[in-house]
Each structure stands twice: as C-alpha cells, then as structure tokens.
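Residue numbers (the numbering used here): 74 to 145.
Where is the CB? At the ideal position from N, CA and C, for every residue including glycine.
Structure first, commentary second.
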Amino acid sequence: MSNDTTNTTPTHHVYVVEGKGDNAFWTKIGAAWQHADGNGLNITLSLLPLDGRVVIRTAKATEATSRKGRGQ
Numbered sequence: 074m075s076n077d078t079t080n081t082t083p084t085h086h087v088y089v090v091e092g093k094g095d096n097a098f099w100t101k102i103g104a105a106w107q108h109a110d111g112n113g114l115n116i117t118l119s120l121l122p123l124d125g126r127v128v129i130r131t132a133k134a135t136e137a138t139s140r141k142g143r144g145q
C-alpha cells in the first residue's frame with residue numbers, strides 16, 4: 074500500500090476548534106487522506122495547536138457546512 078498523498082485530493086480536512094456552539098472559532102490546520110482499506114488516515118498538519126480541540130471532517134461535509142457560513 075502506498076502512502077503517497079502528493080497527487081490526490083484530501084478526503085478530510087483538519088481543524089482546531091476553540092469555543093463551543095455558535096461561538097466556536099474554526100481554523101483549518103491540515104488535511105487527511107483515508108487509507109485504501111478504510112481503517113485509518115494519513116494526516117498532514119500545517120500547524121500544531123496548543124489549545125482547543127482537533128476536529129477531522131470529511132471534505133464533503135466540510136463543503137456543505139462552509140456554504141452555510143460555518144466550518145471555516
């Protein structure tokens with residue numbers, strides 16, 4: 074199995090989320106690619122958060138929430 078992610082679109086987006094509910098602030102910090110067998114992810118982070126929680130969302134779900142003004 075190859076772990077090369079350079080020529081593929083990420084299957085997931087990675088965020089750090091600070092706060093809760095409507096006051097939550099989402100910052101995109103990376104991307105993830107699902108393994109071919111579906112049992113894991115390769116994650117690439119641009120930043121390493123010191124605070125907040127890390128949330129991984131499917132790219133499709135992220136696009137849907139972004140159109141509603143949330144998620145990014």
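Under the 8 Å Cβ criterion, the segment 114-122 counts as touching the segment 78-95, having at least three qualifying pairs.
Spatial neighbours of Ile102 in its own chain (CB-CB distance under 7 Å, excluding positions within 5 residues in sequence) are listed in chain order as Val87, Tyr88, Val89, Leu118, Ser119, Leu120 and Pro122. Annotated three-state conformation of Asn96 is helix, per DSSP. The C-alpha of Thr81 is placed about 15 Å away from the C-alpha of Lys133.
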